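Inspection log for the structure reproduced underneath, given as C-alpha cells.
In the working numbering, the protein residues as written are 157 to 275.
Next comes the structure, spelled out in C-alpha cells:
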C-alpha cells in the first residue's frame, strides 16, 4: 500500500499543478513564463509541482468571494457566482417569459379550473 501511495501522491500533485499552471492567467504567473512552468512540472513532477505551488503563482488576499486565489475571487472583472434562485436577473427573465407567453400550460390549467363541467 505504501508503494502505491509513493507513486500516486506525486502523480496527483503533478497533475494538479499542471492543470493549475495551464489554467492560470498569464498576469498571475511569477518568475517564469507559463510554458516554462508547465515543462518544469512535467519534467520534474515532484520538485516542479512544489515549486509551482509555492513560487509560481501570485496569491491574492482573502476577498468577499471566498478563499485566497479561488476561482471566484481572483477574476478581477468576473462576477461572483450566484445560485439561480438567488440571481435576480434569472428570476426576472422567468417572470418576463411568463408574462410574454399568455398560453402557458400552467395558465391554461388555472383557467380551466373554474370552467369545470357539472357532471
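The beta-carbon is built from N, C-alpha and C at its ideal position, and this holds for glycine as well.
Keep in mind the model is a prediction, meaning the values are calculated, not measured.
Opposing strand residues paired with residue i [DSSP bridges]
i: residue 213; result: 185
Assigned secondary structure, residue i (DSSP; H/G/I helix, E/B strand, else coil)
i: residue 171; result: helix
i: residue 253; result: helix
i: residue 238; result: coil
i: residue 157; result: coil
i: residue 246; result: helix
i: residue 163; result: helix
Cβ-based burial, residue i [other Cβ within 10 Å; buried from 16]
i: residue 248; result: exposed
i: residue 208; result: buried
i: residue 165; result: exposed
i: residue 179; result: exposed
i: residue 224; result: Below a pLDDT of 50, predicted positions are generally treated as unreliable, and residue 224, at 45, falls in that range; no measurement from the model is reported.
Within 8 Å, strictly: CB atoms of residue i and residue j
i: residue 163; j: residue 194; result: no
i: residue 186; j: residue 212; result: yes
i: residue 160; j: residue 177; result: no
i: residue 170; j: residue 201; result: yes
i: residue 255; j: residue 214; result: no
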